[in-house]
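Visitor: Residue numbers (the working numbering), protein chains in the order written: chain A, 1 to 316; chain B, 1001 to 1316. We put the beta carbon where it would ideally sit given N, CA and C, even for glycine. Here you go, one structure.
2 protein chains.
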Amino acid sequence: MPKAERELIARIRKMAGYPGAAPGGRVVAGIGDDAAVLRLKPGYEALVTTDLMLEGIHFRRDWLPPRDVGRRCLLRGLSDIAAMGGEPIAAFLSLALPKGVGQEWVDEFFKGLLKLAERHGIVLAGGDIAQSPRGVLADIVVVGQTPKGRALLRSGAKAGDGIYVTGELGGAAAELRRSQEGRGRGRARHVAVAEPRIEVGRALRGVASACIDVSDGLSTDLSHICEESGVGAVLEAEAVPAARGAELEMALHGGEDYELLFTSSRSVPERIAGVKVTLVGEVIRGKKMWLVDAGGRKRELGAGGWEHFRSQRSPH
Amino acid sequence: MPKAERELIARIRKMAGYPGAAPGGRVVAGIGDDAAVLRLKPGYEALVTTDLMLEGIHFRRDWLPPRDVGRRCLLRGLSDIAAMGGEPIAAFLSLALPKGVGQEWVDEFFKGLLKLAERHGIVLAGGDIAQSPRGVLADIVVVGQTPKGRALLRSGAKAGDGIYVTGELGGAAAELRRSQEGRGRGRARHVAVAEPRIEVGRALRGVASACIDVSDGLSTDLSHICEESGVGAVLEAEAVPAARGAELEMALHGGEDYELLFTSSRSVPERIAGVKVTLVGEVIRGKKMWLVDAGGRKRELGAGGWEHFRSQRSPH
C-alpha cells in the first residue's frame, strides 16, 4: 500500500477514536486487523447492508458539501438497518479518491460520517482505501442485529394489510427543485438533518408484516414490497403526507426520504417513537399498484415514476 | 435504479441460485431485501472484511481474464477470514461497471466468483450495482464467524514465539516476471488456483498467537504483526519457502500469495490440514525486522520491499 494511503488510514483511525476508544462493547476488534470482530447479543441475528455512492452518478462534489456526502453515505446504510427492525453495530467504508481531492475534503467527509455514527452509538470498524482513476467512490457497509426470526422483510405483506409511512415525503425532491430554479442550495438541508428511523424500526418488530425504507421514492419502494410479497396495492393520494413545498408527484416518486414504508394487519398508533405514522393505503390481491385521487378516480401507479422524474434532472 | 441495472441484478440473482437455493442455512435472507440476515452459530462472533479492487490500480482487464478477476475478488476476502481463524458465511459485492463492459465479461466475472463461493459453501447474499464513470470497480465484503474470544488477531505475538508460513511464497511474483519478459500470461495461473487457507486458519485457533494472510508480501505483512504486537522479528533467509522459479526477493516481497503467516509459542506440526508449514524465524523484542543470510550475516529488513518492487512494474 502506498505511503499516502497508509497515512490516510492512520488519520482515519485517529478521527474514528483509535486506538482504545472504538473497540470494546460489540466491536471486539476494529481497524487494524484482517477482519473486524463483532459480538452480537445472544439470540440475535446479523444484518448486513451495502450502499455504493459514485461521484457524478449519485452525487456531485460541487453541489453537496463533503460533510453531507459523508453523512449521506452512512445515513443510507443506517436507514436500511432501520427498515429491517435492526440495531446498528458497526460501519465499514471503502473509499477511492482521485488525485486533486484535498485533505480538507476528506476530513470534512469523515466528520459528517463519524458524527452520525457517534449519534447512533456505532464505530467505523474497518474498510479499504484506494486511489480512484476518476471521481470519488464510497461503498458503505453497515452491520446490525435483530432478535432471531424477527427481522422485518419485504416479503410478508398480505392482502388486507394497511400501508403506512413515517414522517413526510418529497422534502428532498422539493429542495432539489428549488435549487434547480435558483432558489436554494440543492439537497444539502434534507440530507444534513434526516435521521434513520432506527427506533421506529425496532418498535415495528412483531407489528409490521413487511417493511422497506423510502430511498428510491414511495412508488418504487412500494413496488419492491409488492414484488417480494406477491401482492398489489392501492394508495390514497389525499392521504400521502407530503413535506412542506412538495407536490404530490414529489411525495410519490421523489426519493431520498429515509422514512419507513410498512404494512400491517394490526392497529398502528399515530406516532411511534415520537414519529408521525400515516395510513396511506391497503394491500390487495394481484400485482398492480393503484392511486385513488380525491374524487375517487383510480389510475394505475407505475414504479417507474422515479426514473421518469429523475431523467429530467442532473445527478444529485 | 435504471432498467439496465435492475436487469443485471435479476441475472446475478439467477446465477447465484436465487430464489430458493441460496437463503437457508446461515443465510436467512439474502439478495432482495434492505439487508441480508445471517444466523451465526451460538457462542460465535461475527467477522467482517472488505476489499476494494479497481481496474488500472489493482488489475488490468487486458491482463487478467474476467473469471480470474472475479475469483481474485472473493479470494482476497476469504483469505482475510482464514487469517482470523474464521469460517466464511456469506459474501456481498458492490460492482461499478463502465459503459463498454459487455454481458460476457460480467457473466465470466460472476462465474469465477461464484465457483469459489460454492467451493467454500458460502452464498452471495447482497451488494450493489452502479454505472462507473471509468473502469471496473469491485468492493467485496465477506462475513464469517469464529468461536467467541478465539479470533486470531495481529496483536498477540510475543518475543520468543516462532514465525511460520504456510505453503510457498513468491509464486505470483515469479509469474508476473515471466509475463513481463514475454514468457507467460501474467498472474492468471496463480490467482486461478490459489486457495484461501480456511482449514489451516481454523486449526490454528488456540495455537497461533498472531496471524495475518500474506497478501502484500511477507516483509510487509510481518511488519503489520510487529506493529500491532509491539515486537520485532528475525527471518532466516534460507528457511523462507520460495515457490518454483521465485527468487528470494520475490518470496520476501512479492505479495498475492494468499498463504498464512503466524506466530506461536507452541510446537507446530510440519503439515496442518494437509498444507506444509515452515518455521522461518523468531519474534524478538524491539521494533525492527532483520534478515539473516546463509552465512549468518544480518541486515535490517524493510517492510517497504514490496512498494519498491511494485514501483518497477505496471498495475496487475
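In three-state DSSP terms, what is Gly61(A)?
Guide: The amino acid at residue 61(A) is misidentified as Gly; the sequence shows Arg. Coil.
Visitor: With DSSP as the reference, identify every bridge partner of Ala1138(B), one or two as the case may be.
Guide: Met1053(B) and Leu1095(B)
Visitor: Spell out whether any CB of chain B is found under 9 Å from the CB atom of Lys148(A).
Guide: yes
Visitor: At least one CB of chain A closer than 9 Å to the CB of His1058(B): is that the case?
Guide: Contacts with chain A at 9 Å (Cβ-Cβ) include His1058(B).
Visitor: What residue range is occupied by the uninterrupted beta strand (DSSP E) comprising Gly1127(B)?
Guide: Val1123 to Gln1131
Visitor: Inspect the CB distances between the region 1205-1219 of chain B and the region 1080-1092 of chain B and report whether three or more fall short of 8 Å.
Guide: yes
Visitor: Does any CB atom of chain A fall closer than 9 Å to the CB of Met1084(B)?
Guide: yes
Visitor: Restricting to Cα atoms, I'd like to know which of Ile129(A), Gly56(A) and Ala194(A) is closest to Leu78(A).
Guide: Ala194(A)
Visitor: Alpha carbon to alpha carbon, how far is Glu1168(B) from Arg205(A)? Give it in angstroms, no decimals.
Guide: Roughly 51 Å separates the two Cα atoms.
Visitor: Could you have a look at Glu1175(B) and say whether DSSP puts it in helix, strand or coil?
Guide: helix
Visitor: For a contact meaning CB atoms closer than 8 Å, what does Phe110(A) contact in chain B?
Guide: None at all; the shortest Cβ gap to chain B is about 16 Å.
Visitor: Have a look at Ser94(A) and Asp1139(B) and give me their C-alpha separation to the nearest angstrom.
Guide: Within the model, the alpha-carbon separation for Ser94(A) versus Asp1139(B) is close to 7 Å.
Visitor: Name the one or two DSSP bridge partners that Pro88(A) has.
Guide: Gly144(A)
Visitor: Could you check whether the Cβ of Cys211(A) sits closer than 9 Å to any Cβ belonging to chain B?
Guide: yes
Visitor: Could you spell out the range, first to last residue, of the alpha helix (DSSP H) harbouring Ile1031(B)?
Guide: Here Ile1031(B) belongs to no alpha helix (DSSP H), and DSSP marks it neither H nor E.
Visitor: Return the Cβ separation of Val1268(B) and Tyr1164(B) in integer angstroms, given the expectation that the two are a contact with Cβ distance under 8 Å.
Guide: 6 Å
Visitor: Name the two residues that bound the continuous alpha helix (DSSP H) containing Gly201(A).
Guide: Ile198 to Ala203
Visitor: Have a look at Asp62(A), Leu222(A) and Phe110(A) and flag the residue whose alpha-carbon is nearest the alpha-carbon of Gly17(A).
Guide: It is Phe110(A).
Visitor: Between which two residues does the alpha helix (DSSP H) containing Val292(A) stretch?
Guide: No alpha helix (DSSP H) contains Val292(A), which is instead part of the beta strand (DSSP E) from Met289 to Val292.
Visitor: Any idea what DSSP makes of Ser215(A), helix, strand or coil?
Guide: Three-state result, Ser215(A): coil.
Visitor: So, with DSSP's three-state summary, where would you put Leu114(A)?
Guide: helix
Visitor: So Tyr1258(B) and Leu1075(B) are supposed to be a Cβ contact under 8 Å. How far apart are they, rounded?
Guide: Yes, they are in contact, since the Cβ atoms of Tyr1258(B) and Leu1075(B) sit about 6 Å apart, within 8 Å.
Visitor: Would you list, in chain order, the members of the region 1045-1071 of chain B that have their beta-carbon closer than 9 Å to a beta-carbon of chain A?
Guide: Glu1045, Ala1046, Leu1047, Val1048, Thr1049, Thr1050, Asp1051, Leu1052, Met1053, Leu1054, Glu1055, Gly1056, Ile1057 and His1058
Visitor: Helix or strand or just coil, what does DSSP make of Ala16(A)?
Guide: coil
Visitor: My guess is that Val1037(B) and Val1048(B) are in contact by the Cβ rule of under 8 Å, so how many angstroms apart are they, rounded?
Guide: Approximately 15 Å separates the beta-carbon atoms of Val1037(B) and Val1048(B); this is outside 8 Å, ruling out the contact.
Visitor: Any beta carbon of chain B sitting closer than 9 Å to that of Phe262(A)?
Guide: no
Visitor: Using only the alpha-carbon positions, how far apart do Ala125(A) and Glu1238(B) sit?
Guide: The alpha-carbon atoms of Ala125(A) and Glu1238(B) are separated by roughly 38 Å.
Visitor: If you measure from the beta carbon of Pro1042(B) to each beta carbon in chain A, is any gap under 9 Å?
Guide: With 9 Å as the cut-off, Pro1042(B) counts as an interface residue toward chain A.
Visitor: Could you tell me which chain A residues have their CB closer than 7 Å to the CB of Ile1081(B), listed as they occur along the chain?
Guide: Ala35
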